[in-house]
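Here the working numbering is used: the first residue of the sequence shown is 525, the next is one more, and so on.
Cβ coordinates follow ideal geometry from the N, Cα and C atoms, glycine included.
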Amino acid sequence: MKLIAQLFILTGSLLLLSCDKNKEITTIKPVKIVRSMPKINIVEPINNFSLKILKNFAEIPTNNLVVSPQLTFVNLSKFYVASKGATRDELQKACGFDTDNIELLKGINYSNYLLQQTVNSSAVDYKNGDSLWISNKIFLKEPYLTMVKDYLPVEFFYEDFINKNALCLKVNSWAEKQTSNRIKNLVKPSDIDSLTRIFSVNTAFFNGRWLNKFEKELTTTQDFFISKDKKIKVQMMYQKNDFKFSENNYCQIISLPFNGDEFAINLILPHENSGLKDVMEKLTHGELTRLYSSMRNDEIDLFLPKFEFESFIDNKIIMQKLGVKAAFSDKADFSELATESLFIDKMFQKAVIKVDEYGAEAVAADTIGVKCLSMPYTFNANRPFLFFIVHKDTNLILFTGYVVNP
C-alpha cells in the first residue's frame, strides 16, 4: 500500500474598516519584482474565482459571510505549479489558472507589486503574509523552491511536526503577528497527524478609515429585514454625501472610498423584489466591471448598519464542488513539489470584518440646481446586501461577502 502524506492549506484574513492605528508594513520580498504588465492580467481570473466562491454560498445565505478568495487563489497557485495530470487539470479549470507556471506567478507578483506601491503611499494599512511550514521529514525539490522564491513573497519554515503543540504555537503566533493579533488559533493540534508534511498559511490584513466618515451622533436604532417576515433592530449609521452610485433593474450599487481614495468598499443592495441569490447568479467579472463603469457621482442619503463578525470557511468542500477531486485523494500528483507522494488533506480560511463610524474628516458639498431641485437618492441597507473590498486602480477583489444579520 502506497503511503500518501498530507498537505494542509490555511488562510487567515482580517478586515477592519474602522480602526485608527499607526500604519505598520512588514513584507517579505520575492527575489524578482515584475514591474510591467506580464502576459496575463491576473485580476480577471482572481475576480472570477472570487465570484465562483461567493456563488457557492448563494443557495441559502442565512449567515453572514466574509471571505478572501484572492488568498485561496494565491495559496493554491503554489501547489498548482507543482501539479501534473488530472490534479493540474482540475485546479486549472476551477481556479482559472489558464497559463504556464512562470506567467501565472509573474501575474501574481505584478499584482502584489501594484498593491504594495499603492499601500506604501496610501492612508490604509494592507499587508499580506505567505508561508510554508515544512516537516523536516520531507525535502522540497530545488526547481520548485527556486520558482516560488523568485516570484512569491513566501517565508519558509522547516519544523519538527512530532511536537504538535509547539508547531501550532509557532504557526498561530506567525498568523497573529501578520494580522495584528486578530486571527487567533488558526490551527489546532488535532489538525495534525503522522502523515502531515506541509502547512501552507497565508494572511491578509486591511485597516481602512472612511474618506467620508459617519457622525456617531447620527447613528440610530433601526429595523433590518432579514427576510420579508423577520426583522431585527440594528445600529444604523447615516450620512448625506456625494458617492459614486448606480442602480439597474435588480440592484443599487454604491462605492464608499477609504482615506486616500485608493481602496473602496462597493456595496450591492438587491431591490426588495430580488434577493442575494438572484443578484449573485448575475455577477461575473464582466458584469461587475459594467456596474462599476455605470456609477456616477450623486448626492446620496446613505443608511448602513454597523456590523462585526467572523467566518470560518472549509475551502476543501468549496473546491470539491468546483470539480477539484484528485488533489484531495490518493490520486493527487504534486510530483514537482517533493519526492514523497502528497495530497491536500485540509483547506480552510478564517476571516474577520468590522465596520463602524470611525474614519477621516471629510468636507460635505451641497449642489444647487439652477432649473430644478434634485432630490438625493437613497441607499438604505436595511436588508441583506453584498460587499466587495477592492483596489480601485485595478478593481482587484481583496475581500467579499454579504451581510444578512448585522
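- CA-CA distance, Y675 to S817, rounds to 32 Å.
- Contact between the segment 780-788 and the segment 908-926 is present: 3 or more CB-CB pairs across the two stretches fall below 8 Å.
- Partner residues in the beta bridge of D825, as assigned by DSSP, are K764 and T902.
- In the three-state scheme derived from DSSP, where H, G and I count as helix and E and B as strand, K757 is classed as strand.
- The residue among A851, R612 and N636 with its C-alpha nearest the C-alpha of I570 is N636.
- In terms of Cβ geometry, F911 and V927 form a close pair [threshold 9 Å].
- For H809, the secondary structure class from DSSP, reduced to helix, strand or coil, is helix.
- With a contact defined as Cβ atoms closer than 8 Å, K855 and A610 qualify at about 7 Å.
- In this structure, L791 is the residue among D747, C775 and L791 with its C-alpha nearest to the C-alpha of F767.
- Only residues of its own chain outside the window of five on either side were considered, and among them Y774 and P794 have a CB closer than 7 Å to the CB of D802, listed in chain order.
- Per the C-alpha coordinates, the member of N580, S697 and R907 positioned closest to Q776 is R907.
- Assignment of F738 by DSSP, reduced to helix, strand and coil, places it in the coil class.
- Of the candidates G732, S659 and S770, S659 places its Cα closest to the Cα of S724.
- Judged by DSSP secondary structure, G653 falls within the beta strand (DSSP E) whose first and last residues are D649 to S659.
- Check the Cα spacing between P713 and each of N696, F729 and E614: the tightest is with N696.
- Secondary structure note for K608: it is in no alpha helix (DSSP H), with a DSSP letter that is neither H nor E.
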